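**Q**
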Amino acid sequence: MNFELSPDQKAMIAAAEQFAMDKIAPGYQAREKAAGLDRVLLKEMGQLGFIAPEQSEAFGGSEVSYLTSGLIMEALSGADFNMAYVQLLGSLNTQILVRYASTALAEKWIPKICRGEAVLGVALTEPGGGSDAANLQLRATKVEGGYILNGEKASISAVDQADIMIVFARTGEKDSRAKGVSAFLVEMNSKGVTSARYEGMGQHAVGHGSIFFEDAFVPDAHRLGDENKAFTQVMEGFDFSRALIGLQCLAVARQSLKESWKYASEREAFGAPISVNQGVTFPLAEAETMLEAARLLCYKTLWLKDNNQPHTTEAAMCKWWPPKLAFEIVHQCLLTHGFGGYTSDYPFEQRLRDVLGLQIGDGTANIMKMIIARQKLGEVQ
Ligand SMILES: Cc1cc2nc3c(=O)[nH]c(=O)nc-3n(C[C@H](O)[C@H](O)[C@H](O)COP(=O)(O)OP(=O)(O)OC[C@H]3O[C@@H](n4cnc5c(N)ncnc54)[C@H](O)[C@@H]3O)c2cc1C
């Protein structure tokens, strides 16, 4: 087992960290107030090769390993969890386009996404529920040359910022569940497509909300994969993004811990730095221990993917534990900063609200534990 990073990986991470700290970190709180991603910065991120970096050079990517993509995610997310979302959405969704979009569609959109010129989201959840995703009801009716979409998607990330959206819709019978779902690439400025942002707790720069489809026409060429097969074909890519989500959340915890060690060594109480108290340092030491374990889990999952080995169980582990752990660590770091931590003079209260969302987004902990249990029970059958 070799934990040493290659010179190329080290160089890429150093460049990503430099860019993240110099360019992204200073605007983290301002972008929350503005409730939007910075499209100029996104283009810079793209030019430097930080969006969907694992994509092939032919599509504008850097052809780095999945593990390297995860390391870049960490570098960016520690500075701004929301801007890092674009890396997440880019990596998750471009791999779907590569596999299931027509060549013309893939060539049109993937380079734009990698360059930071277009944002691509994914719309699966509906008002009626997200965990039981196979029960989705948004209807795609076949017509001459394409499909007509009617219905609503709920709690979709980047709802009013995405240029295009991968939309899951029912093409089979009403009760066909997973066997009657197809996926489509929808341009968000299409006729019949509107959106509404929710008032929410965090991730305001990304934003979440509903997308409404009223007789929205989508051409045949925009269907991704086979009709009625989206559930088995298109959704398999979610294992990759689960490891990225783990690292996205842990990076916020890592940055918070770094700041907390410094603060603990500078802040004085009872005539001495608060770091002389084990009651202050032991929770941080415990957090460092668990952070390290959780990062290694995510790295291993990406390594498995790089080596074409099964990683569904590990990916589900990355999706339930690291987001929860990150929340707990940021909470501890906020407390370490006393009253200041509770104010927006520091970024902890925003970080806490931001990372919490990914205990729900992309599937709750219970759903991830169901996946792990199913995989493990399958091994003993
Ligand atoms: C920050 C954020 C970002 C998101 N981004 C997107 C996006 O980009 N695209 C998208 O399509 N969706 C997105 N979502 C939606 C998200 O995927 C769903 O909210 C999630 O899958 C859960 O669905 P639900 O909210 O309808 O909860 P429900 O399915 O109604 O579940 C409610 C509760 O019951 C539990 N539960 C349900 N069934 C079971 C069971 N069988 N066993 C045990 N417990 C169960 C759940 O764990 C949950 O705690 C996002 C959500 C958030 C918060």
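Take 48 as the starting number for the sequence shown in the working numbering and just add one per residue.
Beta carbons are placed, not taken as given, at the ideal position from N, Cα and C, and that holds for glycine.
Predicted model, so just to flag it, every value in this text is computed and none were measured.
Give, in chain order, every unbroken run of the beta strand (DSSP E) that is at least 3 residues long and sits entirely within the region 225–252.
**A** 228–234, 240–244
**Q** Taking 7 angstroms as the cut-off, decide whether the C-beta atoms of Cys429 and Gly284 are in contact.
**A** Look at the range of the chain in this structure, 48 to 428, and you will see that residue 429 is not part of it.
**Q** Does Ser202 pass the burial test, meaning 16 or more other C-beta atoms within 10 Å, or should it be called exposed?
**A** buried
**Q** By the DSSP assignment, the alpha helix (DSSP H) with Leu304 in it spans what residues?
**A** 285–313
**Q** Would Tyr346 pass as a contact of Val253 if the rule is Cβ separation under 7 angstroms?
**A** no
**Q** Is it the case that the Cβ atoms of Gly147 and Val265 are separated by a distance below 7 angstroms?
**A** Checking the sequence shown, residue 147 turns out to be Tyr, not Gly. Result no, Cβ atoms of Tyr147 and Val265 do not sit closer than 7 angstroms.
**Q** Is Ser202 a contact residue of ligand 1, with contact defined as CB to any heavy atom under 6 angstroms?
**A** yes
**Q** On the DSSP bridge assignment, give the partners of Arg86 in chain order.
**A** Arg86 pairs with nothing; no bridge assigned.
**Q** Which whole-angstrom value is the C-beta distance of Gly227 and Arg244, which I expect to be below 8 angstroms?
**A** Not confirmed; about 30 angstroms, so no contact.
**Q** Going by other Cβ atoms of all chains shown within 10 Å of its Cβ, with 16 needed for buried, is Gln379 buried or exposed?
**A** buried
**Q** How big is the Cα-Cα spacing for Gly326 and Met130?
**A** In a straight line, the C-alpha of Gly326 is about 34 angstroms away from that of Met130.
**Q** My output table needs one value for Thr188: the three-state DSSP class, helix, strand or coil.
**A** In the structure shown, Thr188 adopts extended strand secondary structure according to DSSP, grouped into three states.
**Q** Hey, is the region 211–229 in contact with the region 181–191, meaning 3+ C-beta pairs nearer than 8 angstroms?
**A** yes
**Q** Using three-state DSSP, classify Ile258 as helix, strand or coil.
**A** Strand, per DSSP.
**Q** Quick check: does the Cβ of Ala170 come within less than 6 angstroms of any heavy atom belonging to ligand 1?
**A** yes
**Q** Counting only the same chain and skipping the five closest in sequence on each side, list residues whose C-beta sits under 8 angstroms from that of Ser391.
**A** Gln76, Gln397
**Q** Return helix, strand or coil for Lys347, following the three-state DSSP convention.
**A** helix
**Q** In three-state DSSP terms, what is Leu52?
**A** coil
**Q** Under a Cβ-count criterion, where at least 16 other Cβ atoms within 10 Å of its own Cβ denotes burial, should Ala319 be classed as buried or exposed?
**A** exposed
**Q** Please return the same chain residues whose Cβ sits closer than 6 angstroms to the Cβ of Asn197, not counting the five positions on each side in sequence.
**A** Hits under 6 angstroms: Arg186, Phe260.
**Q** List the residues that DSSP assigns as beta-bridge partners of Ala341.
**A** For Ala341, which the question treats as bridged, DSSP gives no partner whatsoever.
**Q** At the level of alpha carbons, what is the spacing between Met68 and Ile376?
**A** 21 angstroms
**Q** For Ile98, which three-state DSSP category applies?
**A** coil
**Q** Using CA atoms only, rank isn't needed, just tell me which of Arg342, Asn355, Ser109, Asp179 is closest to Leu95.
**A** Ser109
**Q** Is it buried or exposed, Val214, if we count other Cβ atoms within 10 angstroms and call 16 or more buried?
**A** buried
**Q** Pull up the distance between the alpha-carbon of Val427 and that of Ala420, whole angstroms please.
**A** 11 angstroms
**Q** Within 10 angstroms of its Cβ, does Arg86 collect 16 or more other Cβ (buried), or is it exposed?
**A** exposed
**Q** Apart from the five residues on each side of it in sequence, which residues of its chain come closer than 7 angstroms, Cβ to Cβ, to Ser303?
**A** Here the set comprises Ile376, Val377, Cys380, Phe395, Arg398.
**Q** Just to confirm before moving on: does the CB-CB distance between Gly125 and Arg301 stay below 7 angstroms?
**A** yes
**Q** In chain order, what residues of the same chain lie with their CB nearer than 6 angstroms to the CB of Ala298, ignoring the 5 residues before and after it?
**A** Glu121, Ser124, Gly125
**Q** Can you list the alpha helix (DSSP H) stretches of 4 or more residues lying completely in the region 345–394, in chain order?
**A** Fully enclosed alpha helix (DSSP H) runs of no fewer than 4 residues occupy 359–383, 385–388 of the region 345–394, in order along the chain.
**Q** Ligand 1 and Ile258: does any heavy atom of the ligand fall closer than 6 angstroms to the residue's C-beta?
**A** No, the beta carbon of Ile258 sits no closer than 6 angstroms to any heavy atom of ligand 1.
**Q** Excluding the five sequence neighbours on either side, which residues of its own chain have a C-beta within less than 6 angstroms of the C-beta of Ala268, listed in chain order?
**A** Ser149
**Q** For Val166, count neighbouring C-beta atoms within 10 Å of its own C-beta (all shown protein chains included) and say buried if the count is 16 or more, exposed if not.
**A** buried
**Q** Beta-carbon separation of Cys161 and Gln65 under 7 angstroms?
**A** no
**Q** Could you give the uninterrupted runs of the alpha helix (DSSP H) lying entirely in the region 140–226, keeping only those of 4 residues or more?
**A** 150–161
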